[in-house]
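Notes follow once the structure below has been shown.
2 protein chains.
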Amino acid sequence: MSRETSSAEIAERLLAGDRAALSRLISWAENAHPDFPAALATLWPRVGRAWRIGITGPPGSGKSTLTSELVALLRRGAATVGVLAIDPSSPFSGGALLGDRIRMDERTADEGVYIRSMASRESHGGLARAASDACDVMDAFGIDFILLETVGVGQAEYDVIGAADTVVVVLCPGAGDGIQAMKAGLLEVADILVVNKADLEGADLLELDLRDALRLRGIRAAPGDPAWEVPVVSASARDGVGLDVLLAGLEGHRRALEAGSNAERRRRKRALQVRRVVGERLDEELWGPGGFTERAESSLRKSATPYDVAEEILVHLRGVAGPRPAEDASPTERSPS
Amino acid sequence: MSRETSSAEIAERLLAGDRAALSRLISWAENAHPDFPAALATLWPRVGRAWRIGITGPPGSGKSTLTSELVALLRRGAATVGVLAIDPSSPFSGGALLGDRIRMDERTADEGVYIRSMASRESHGGLARAASDACDVMDAFGIDFILLETVGVGQAEYDVIGAADTVVVVLCPGAGDGIQAMKAGLLEVADILVVNKADLEGADLLELDLRDALRLRGIRAAPGDPAWEVPVVSASARDGVGLDVLLAGLEGHRRALEAGSNAERRRRKRALQVRRVVGERLDEELWGPGGFTERAESSLRKSATPYDVAEEILVHLRGVAGPRPAEDASPTERSPS
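Quick mapping for you: the protein sequence lines, in order, are chains V and F. Per this note's numbering, the first sequence starts with residue 1, numbered consecutively. Per this note's numbering, the second sequence starts with residue 338, numbered consecutively.
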C-alpha cells in the first residue's frame, strides 16, 4: 500500500466517524509522522468549525475540575466535546492531575466526549505544533468544542494556548496570585477571567484586584474587532457554581469574534503554525545526516565561540542563497508589517 | 561609544572580578542582547575551567535543599560556586522554591557564591541557549562549580540540563516515583542518582528498584570513556546526611570524564548550542520584518494547509539556495555521521 493511500484511507475513516482513526492521527501529529501532512490535507475542508477554548492558570487553581464541569455543561446542550490536556512536564505533574483525569474518564463512556493528554516528551519538542495539529484533527472529526487545558503556565503552555479562539484564565485566592498573574502576563492573554474557589477567603479581594487591573489596562480590542470587555467570573467549579456565567461569557466572546476578526485571527494562528513547521524542517535539514554537525564541531575545535560558528554557517547559507531569503520577494510582499 | 568598545569593556570588567558585570552579561544572554556574542568572544579564552553540575528530579524531591547544602559543602573546600536555578514556569512554580531561595540567599552574603534564577519568559523561548551562555559567563568569571538546578523535569529542563558535565537526578520515596523516573527517561540522563529523604518509608525499596534498573540496563559508557557505574546515593539533604558520598561521586565522575572523552563531550554540547543559535537567527530572518509572514498568510487565504504553505516556503528557500544546504559541503564534511 502506498503512503498516499494509507494516509488518505485513515483520513477517510476519521471523516466517517471512526474514533480509532482520530486517536491514530493525533498520535501521528504528536510523533511528526511523515504522512501526517497528507492526511491533514484530506481533512482540511472539514477543519474550522470547532470552537477552541484554552483553559490555563497556575497549578492548584482548579483548572481540571473546571474543565470537567464545563464538559458536562456543554454535553447537556448536546454539543460534542474534545479535551486536550497539555502537560509539558509529564509524568511528574503530580497526583492532582491524575486524580482529576480519572474523574474525567467517567465522561469517556459518553461517545460525545473525546479526551486525550499530550506530553512534550512525546512530541519531539514541537508541543505547540502538535497541539494545534491535534485540534485540527478533532475539528475535522466533527467535535464542536475543543478544550485545551494546560497543567502549568510556563512558556510552553503559552505557546500551546495560542491555538485557542477563547482563552479562559483560572485563578483562585491565595499567596498573592492576583499580582503574580499580572506579572506572568496572564491578564494579557485572558479573554475571560475565572476566580475559582470563590468560597475561599480572599476571593472577593482577588476579584476586585482583577477588575481594577482590567480597568487600568482599558478595553482591549483587536483591529476590526468589536470591543470585548474581559469578564471576571466568580465560580466554584467543584460545586457547579458560576459555570452558567462562564458559559455565557464563552458564547459572548465567540459571537463578538465571529462578528469581527475571527477569520483574520485564525489565519494569524495558522501562519504561526507554518513558522513552527518551517523551523522544525530546517532544523532537520541543517542538523540531520549530511548536515552541518561535523563542520560545526570542526570549527569549535579551533576555539571559535558557538556564536562565531553559527555566524559562519549562516554566512555560508546566505552565500549559497544569494541575498537574504526575503529580499528576493516581490515588492507587494515586502510592504512593511 | 561603539558597540565593540562597550561589549569588550564589560567583558574586561567581568574578567577583573566585577560581579555587576557578571550579572549584566547573564542578563544579556537571557535577553539575546545583540552585543552578547562579542562579549562572549572576549571571555572565550577563559571559558572551560568550571565543572557544571545539573541537578534535576521531580518537584518535591528536595532538589533545592540538596543544592543549598552542596553549595555549603563546596564552599568548605574553598571552591567558588555559582547556582543557576531554572524555572520554565515561573512565576507559578509555587511557594516551595521561593522559600528555598530565601534560605539560599543567606549564602549570598558570601562573596564566593553567586546565585541567579532564570525563567523562560525572560529568555525569548531560548532557555537552553541562554542557560548555556550563562554557564559560560560564570565560568569565565572564575567560578569553580556551577550548579544548574531545574524546578521540574519537562522537556525544557531536559534541554537545559544538557549543558551539564555531570547530571545528578534526585528522587525521593513516594507515589511510584521510581517507576515514573524510569518512564520519564530520568535514568538515561543520570550520572549520579540520589535517593533523598532517605529516612522516609519506602526509601530502601526505591534504592533497590533503582539499583535493579541500573543493573538491567548495564553499565553505560560513552565512546572513549572509562566505564562509569552510576552510583545510587542515599541522602537526607535536610540533615546533611549523604552529602559527602554525593561529593565523592561528583569527584569520581569528573575524574573519569577528564581521563576520557570530556573534551569531545563538551564539543558536542557546544555544537548543540550552535544549532540553537542558528535556529533562533533563521527564525528571526524568516519571520521578522521583510520575511515570509505575509506570503504565508496570503497562501493560507487560498485554503492551503500550514504544511502546504511551509513546503512552498521551503521549496522557495531551496530554489534560491540551489541544492540543499548540506549538499555543497566538501566530501570530507559529508562523511556519514
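The beta carbon of each residue, even a glycine, is placed where N, CA and C say it ideally should be. Just so we're clear, the structure is a prediction, and the values are computed from it rather than from any experiment.
Contact check, F:V578 vs F:A585, beta carbons under 7 Å:
For the pair F:V578 and F:A585, the CB atoms are not nearer than the 7 Å cut-off.
Under a Cβ-count criterion, where at least 16 other Cβ atoms within 10 Å of its own Cβ denotes burial, should F:S343 be classed as buried or exposed?
Its Cβ having fewer than 16 others within 10 Å, F:S343 is exposed.
What residues in its chain sit with their C-beta under 6 Å from that of F:T402, if we drop five residues either side in the sequence?
Setting aside the 5 residues that flank it on each side, F:T402 is surrounded in the same chain by A574 and R575, each with a C-beta closer than 6 Å to its C-beta; the list follows chain order.
Suppose you measure from the CA of F:G431 to the CA of V:G174; what does that come to, to the nearest Å?
Here the model assigns F:G431 a pLDDT of 40, short of 50, so the residue's position is not dependable and the matter cannot be decided.
Got a sec: which bits of the region 159 to 172 of chain V sit with their beta carbon under 7 Å from any beta carbon on chain F, in order along the chain?
Identification of residues in the region 159 to 172 of chain V having a C-beta nearer than 7 Å to some C-beta of chain F yields an empty set.
Residue burial classification, F:L545 (beta-carbon count within 10 angstroms, cutoff 16)
Around the CB of F:L545, fewer than 16 other CB atoms lie within 10 Å, so the residue is classed as exposed.
I want to verify the contact list: residues of chain F whose CB lies under 9 Å from the CB of V:W44, in sequence order.
The contacting residues are S640, A641, T642 and D645.
I'd like to check one pair, V:A85 with V:D139: are the Cβ atoms closer than 7 Å?
Annotated as distal: V:D139 and V:A85, with beta-carbon spacing of 7 Å or more.
In chain V, which residues lie less than 8 Å from F:I650 when you measure between Cβ atoms?
By Cβ distance, chain V contributes V274 and V278.
V:S234 by DSSP, collapsed to three states: which one?
V:S234: strand per DSSP, three-state reduction.
Given a threshold of 16 other Cβ atoms within 10 Å of its Cβ, counted over all protein chains shown, does F:E367 qualify as buried or as exposed?
Buried.
I'd like the list of long-range same chain contacts for V:D110, defined as Cβ closer than 7 Å, with 5 residues on each side in sequence excluded.
Within the same chain, and ignoring the five residues on either side of V:D110 in sequence, the residues whose Cβ sits closer than 7 Å to its Cβ are R75.
Do V:V309 and V:S298 have their beta-carbon atoms positioned less than 7 Å apart in this structure?
In this structure, V:V309 does not lie closer than 7 Å to V:S298 by Cβ.
Using a Cβ-Cβ cutoff of less than 6 Å, which residues in the same chain neighbour F:Y451 once the five nearest sequence positions on both sides are dropped?
Only G419 meet the Cβ criterion.
Does V:L257 have its Cβ less than 7 Å from a Cβ in chain F?
Answer no: the Cβ-Cβ gap between V:L257 and chain F never drops below 7 Å.
Identify every residue that forms a DSSP beta bridge with F:A422.
Looking at the DSSP assignment, F:A422 forms a beta bridge with F:S454 and F:E486.
Taking Cβ-Cβ distances below 7 Å as the criterion, which residues of the region 615 to 636 of chain F are in contact with chain V?
When C-beta distances to chain V are compared with 7 Å, the residues of the region 615 to 636 of chain F below that value are V615, G616, R618, L619, D620, E622, L623, W624, P626, G627, G628, F629, T630, E631, R632, A633 and E634, in chain order.
Assigned secondary structure, F:V646 (DSSP; H/G/I helix, E/B strand, else coil):
F:V646: helix per DSSP, three-state reduction.
Close Cβ partners of F:E406 (< 7 Å) along its chain, the five nearest in sequence each way excluded
Answer for F:E406: A574, G577 and L580, listed in chain order.
Could you give the distance in angstroms between the alpha-carbon of V:I161 and the alpha-carbon of V:R254?
About 16 Å.
Of the residues V:G279, V:I146 and V:A78, the one placed nearest V:E131, counting alpha carbons only
Looking at the sequence itself, residue 131 of chain V is Ala, so the reference to Glu does not match. Scanning V:G279, V:I146 and V:A78 for the CA closest to the CA of V:A131 turns up V:I146.
I want to see whether chain V comes within less than 7 Å of F:A527, judged by CB atoms only; does it?
No, no contact with chain V.
Rounded straight-line distance, which links the Cα of F:T393 to that of F:E494:
Using only the alpha carbons, I get a separation of about 8 Å.
Do V:A164 and V:G60 have their C-beta atoms closer together than 7 Å?
One thing to note: V:A164 has its Cβ no nearer than 7 Å to the Cβ of V:G60.
Between F:R603 and the ligand GTP, is there a pair consisting of the residue's CB and a ligand heavy atom that are separated by less than 6 Å?
Looking at this structure, you won't find the ligand GTP or any other ligand, since it has none at all.
Buried/exposed call for F:G656, threshold 16 Cβ in 10 Å:
Counting the other Cβ atoms within 10 Å of the Cβ of F:G656 gives fewer than 16, which makes it exposed.
From the DSSP output, in three-state form, read off F:I498 for me.
Looking at F:I498 - three-state DSSP - the assignment turns out to be helix.
Alpha helix (DSSP H) segment containing V:E80, residue limits
Per the sequence shown, residue 80 of chain V should be read as Thr rather than Glu. Looking at the DSSP string, V:T80 is not in any alpha helix (DSSP H), and its letter there is neither H nor E.
Give a yes or no on whether the C-beta atoms belonging to V:G112 and V:T67 are separated by under 7 Å.
The answer is no: Cβ separation not under 7 Å.
Checking contacts by CB at 7 Å: is V:G99 closer than that to chain F?
Low confidence applies to V:G99: its pLDDT is 43, below 50, so where it sits in the model is not reliable, and the reading given next is rough at best. No, its Cβ sits nowhere closer than 7 Å to a Cβ of chain F.
Helix, strand or coil: which one does DSSP assign to F:I480?
The answer is coil: DSSP assigns F:I480 none of H, G, I, E or B.
Assign V:T293 to one of two classes, buried (16 or more other C-beta atoms within 10 Å of its C-beta) or exposed (fewer than that).
V:T293 should be labelled buried.
Extent of the continuous alpha helix (DSSP H) run through V:L25
R19 to E30 is the extent of the alpha helix (DSSP H) around V:L25.
Once the 5 residues before and after F:I347 are set aside, which same chain residues still bring their CB inside 7 Å of it?
Excluding sequence neighbours, F:I347 sits near A358, R361, L362 and A376.
Run down chain V in chain order and give the residues with a C-beta less than 9 Å from the C-beta of F:A540.
Going along chain V, no residue has its Cβ under 9 Å from F:A540, so there is no contact; the nearest lies around 18 Å.
Mark V:V136 as exposed unless 16 or more other C-beta atoms lie within 10 angstroms of its C-beta, in which case mark it buried.
Before going further, note that residue 136 of chain V is Asp rather than Val in the sequence given. Around the beta-carbon of V:D136, 16 or more other beta-carbon atoms lie within 10 Å, marking it buried.
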